[in-house]
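Numbering (my numbering), first residue to last: 4 to 200. By construction, the Cβ of each residue, glycine as well, lies at the ideal position given by its N, Cα and C atoms. Since the structure is predicted, the reported quantities are computational estimates derived from the model, not experimental observations. Read through the structure below, which is laid out as structure tokens, and then see the notes.
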């Protein structure tokens, strides 16, 4: 598509570069944020979720429930590494990025062999080293939790069992929208119960 063609969605301009339509790039205008602010908010969301403290919390929750914590370690490594190392969304990432010298976007020259392969080799070695370092750091945390004799005693607010009186005692359920939703769910439950009788 020609860069001078302006596509729109509901009157909002869309980016004409089709290579940006993935899970990592801003492709349209936001009503209240610049593209840079939107990019920064996206990156901060990932960074704040995958902090070392939060990773410890997630692994403690998994271990206390008796679930497969090694699988959680693998997924956390994958997601954190995708954002921190590859700088792309985890669903578009892998541990080894294949690049081919002749695969170039139109208008870009093909790089000479002597420049492409040394740079690509250094990138692969560098990134795999960072992946290994990340995994080893997180595995050390995982092993500390796995070998903790009190791991099954861990609990926090998110793991607190649901009680029957939550709709009356939690502020979350006191908003008008929540009351409407809870009322609707109660009516549906009565209808289901009545149909089953």
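Inspect the beta-carbon positions of residue i and residue j and report whether they are closer than 9 Å.
i           : j           : result
residue 201 : residue 84  : In this structure the chain extends from 4 to 200, so residue 201 is not present and cannot be described.
residue 130 : residue 104 : no
residue 3   : residue 58  : This structure leaves residue 3 out entirely; the chain is present only between 4 and 200.
residue 16  : residue 32  : yes
residue 29  : residue 42  : yes
residue 55  : residue 144 : yes
How would you write the range of the alpha helix (DSSP H) that residue i sits in, first residue to last?
i           : result
residue 65  : 55-67
residue 126 : 116-149
residue 83  : 72-84
residue 24  : No alpha helix (DSSP H) contains residue 24, which DSSP labels as neither H nor E.
residue 42  : 38-52
Hey, out of the options, whose CA is closest to residue i's CA?
i           : options               : result
residue 63  : 159, 94 and 197       : 159
residue 108 : 144, 23 and 196       : 23
residue 73  : 173, 91, 146 and 195  : 146
residue 142 : 171, 186 and 75       : 75
residue 98  : 128, 71 and 56        : 128
residue 48  : 35, 82 and 65         : 82
residue 152 : 69, 171 and 164       : 69
residue 171 : 134, 86, 133 and 181  : 181
residue 65  : 134, 118, 110 and 157 : 157
In this structure, how does DSSP classify residue i when only helix, strand and coil are distinguished?
i           : result
residue 4   : With a pLDDT of 45 at residue 4, under the threshold of 50, the modelled position of that residue is not reliable, and the figure given next carries that caveat. Residue state, collapsed to three classes: coil.
residue 31  : strand
residue 195 : helix
residue 17  : strand
residue 172 : helix
residue 2   : Because the chain here runs from 4 to 200, residue 2 falls outside it and cannot be looked at.
residue 101 : coil
residue 177 : helix
residue 108 : coil
residue 93  : helix
residue 167 : coil
For residue i and residue j, which I take to be in contact (beta-carbon distance under 8 Å), what is that distance rounded to the nearest angstrom?
i           : j           : result
residue 154 : residue 148 : 6 Å
residue 92  : residue 175 : At roughly 30 Å, the Cβ-Cβ gap does not stay under 8 Å, so residue 92 and residue 175 are not in contact.
residue 102 : residue 123 : 6 Å
residue 46  : residue 36  : Contact doesn't hold; Cβ gap of about 13 Å is too wide.
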